[in-house]
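39 is the number of the first residue of the sequence shown in the numbering used here; add one for each residue after it. Just so it is clear, CB atoms sit at the ideal spot from N, CA and C, and this is done for glycine as well. Notes for the one structure printed next.
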Amino acid sequence: MSSGILVLCDHDGGAFKSTALELIGKARELVPATGGTITALVLGHVGGDGLPADQVLAVTGPEFGTYDTGAWTAAMAAAIAKADPALVLATASVLTKDFMPRVAARLGLGLATEVVGLEVRDGAVVGRRPVYAGKAIFDVTVTSVPALFTVRPNSFPVPAAGGSPPVTALDVAIGPNDRLTRVVETLAPQNTTVDLTEASVIVSGGRAVKSAEGFDTLIRPLAAAFGAAVGSSRASVDAGYAPQSEQVGQTGKTVNPSLYVAMGISGAIQHLAGMRTSKVIVAVNKDPEAPIFQFATYGIVDDIFTIGPLLAEEVKAALAR
Ligand SMILES: Cc1cc2nc3c(=O)[nH]c(=O)nc-3n(C[C@H](O)[C@H](O)[C@H](O)COP(=O)(O)OP(=O)(O)OC[C@H]3O[C@@H](n4cnc5c(N)ncnc54)[C@H](O)[C@@H]3O)c2cc1C
Numbered sequence: 039m040s041s042g043i044l045v046l047c048d049h050d051g052g053a054f055k056s057t058a059l060e061l062i063g064k065a066r067e068l069v070p071a072t073g074g075t076i077t078a079l080v081l082g083h084v085g086g087d088g089l090p091a092d093q094v095l096a097v098t099g100p101e102f103g104t105y106d107t108g109a110w111t112a113a114m115a116a117a118i119a120k121a122d123p124a125l126v127l128a129t130a131s132v133l134t135k136d137f138m139p140r141v142a143a144r145l146g147l148g149l150a151t152e153v154v155g156l157e158v159r160d161g162a163v164v165g166r167r168p169v170y171a172g173k174a175i176f177d178v179t180v181t182s183v184p185a186l187f188t189v190r191p192n193s194f195p196v197p198a199a200g201g202s203p204p205v206t207a208l209d210v211a212i213g214p215n216d217r218l219t220r221v222v223e224t225l226a227p228q229n230t231t232v233d234l235t236e237a238s239v240i241v242s243g244g245r246a247v248k249s250a251e252g253f254d255t256l257i258r259p260l261a262a263a264f265g266a267a268v269g270s271s272r273a274s275v276d277a278g279y280a281p282q283s284e285q286v287g288q289t290g291k292t293v294n295p296s297l298y299v300a301m302g303i304s305g306a307i308q309h310l311a312g313m314r315t316s317k318v319i320v321a322v323n324k325d326p327e328a329p330i331f332q333f334a335t336y337g338i339v340d341d342i343f344t345i346g347p348l349l350a351e352e353v354k355a356a357l358a359r
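Structure representation (structure tokens):
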């Protein structure tokens with residue numbers, strides 16, 4: 039009988055991301071309900087040092103050097119066949135958005151994407167899923183076995199890295215029909231130090247920032263003080279103040295940080311769609327009627343050019359204490 043949890047563990051050249059630990063931490067909480075053990079699936083790297091899983095399935099080969107839709111689909115399907123889990127967890131990302139629905143279709147399984155909560159209710163795993171651009175929340179059960187879920191980064195606490203689980207190499211047969219596309223070139227994003235979708239703190243600037251220089255002198259230093267990633271509204275991107283890679287919202291990135299600082303952003307529905315599930319939202323806006331204040335945990339009605347530098351100094355001083 040299927041049991042246990044298979045967790046796709048993201049890494050960067052063999053260095054496991056905090057999202058891998060986050061999912062394993064959650065899996066540890068859920069595994070009493072599924073029975074069995076926790077298997078980490080690692081694609082493109084042999085090893086699992088630092089992963090608090092029970093065992094690792096590692097898939098390597100030339101197809102796994104960079105992301106490849108068909109190869110990753112085939113590998114996930116092979117790992118499910120091998121581990122026979124009751125539950126499969128993967129981080130919600132542009133990659134899983136691409137290949138997890140294919141896995142679900144190929145194996146005839148149910149998939150709930152972008153969940154921000156997972157809990158056991160009456161023996162079943164229930165996912166909490168924002169819908170309609172975050173205006174409503176659905177509780178979703180997946181009735182297939184295994185049940186597939188993708189989870190937004192920063193949804194759960196990240197446990198400490200640790201452990202050296204045994205690693206088994208998994209051979210994946212990749213046929214011509216699995217390789218219908220080919221990555222020709224990979225272009226690194228122009229920005230930043232911290233990946234926006236995984237950042238636990240984000241400082242975003244809106245149209246009020248007025249220029250790219252405004253981002254460089256106000257938003258980026260404030261983000262640096264927090265150790266945060268930089269985000270922006272679409273108005274800032276369209277005006278050329280910030281690169282598209284930093285856009286948050288319906289046509290930008292969906293983020294789920296612990297803290298989201300919105301500087302001079304009105305709170306249009308399309309912006310909210312990308313950041314509404316942030317745990318704490320701080321909004322600075324000189325218009326007390328700005329819609330963002332309906333969603334903000336803390337609001338400051340003032341000029342961003344006054345508040346930004348003060349906030350940066352206070353944060354630096356607080357973090358230095
Ligand atoms: C199909 C579609 C998709 C879209 N996708 C996205 C998306 O992905 N992301 C996104 O962000 N938007 C998106 N938009 C655009 C969205 O509707 C808004 O136009 C946009 O979010 C507005 O950006 P903003 O808040 O920076 O600008 P504005 O709405 O112009 O707000 C600027 C705010 O700054 C305040 N302000 C001005 N000066 C100061 C100051 N000195 N100090 C303090 N506050 C000040 C103002 O009071 C105002 O509230 C989309 C729109 C459509 C139609």
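Non-local C-beta neighbours of R314 in its own chain, meaning closer than 6 Å and more than five positions away in sequence, comprise G172, ordered along the chain. With fewer than three CB-CB distances shorter than 8 Å, the stretch 212–224 does not count as touching the stretch 242–250. In this structure, ligand 1 has a non-hydrogen atom nearer than 6 Å to the beta-carbon of A246.
The beta carbons of I240 and Y279 sit about 16 Å from each other, so the pair does not count as a contact at 8 Å. In the displayed model, M39 falls within coil according to three-state DSSP, outside both helix and strand. By the Cβ neighbour-count rule, E351 is exposed, with fewer than 16 other Cβ atoms within 10 Å of its own. Proximity of the beta carbon of S304 to ligand 1 is indicated: a heavy atom of the ligand is located closer than 6 Å.
When the Cα atoms are used, A207 and K55 turn out to be separated by approximately 21 Å. Counting only residues of its own chain and dropping the five nearest sequence neighbours on each side, L186 has a CB closer than 6 Å to the CB of V126, A142, L147, L149. Taking the C-beta atoms as reference points, V80 is found no nearer than 7 Å to A65. Comparing C-alpha distances from V322 to each of G302, A355, E236 shows the shortest one belongs to G302. DSSP, reduced to helix, strand and coil, places D48 outside both helices and strands of the structure shown, so it counts as coil. Looking at the backbone, the Cα of D325 and that of T111 are separated by about 48 Å. Where I76 is concerned, there is no enclosing alpha helix (DSSP H), although the beta strand (DSSP E) around it starts and stops at 76–81. Remark: the C-beta of G269 is outside contact range of ligand 1, defined as less than 6 Å to any heavy atom. Judged by DSSP in its simplified three-state form, F187 adopts strand. With contacts defined by Cβ atoms closer than 7 Å, V84 and I76 do not form a contacting pair.
Under the DSSP definition of a beta bridge, S270 partners with G243, Q285.
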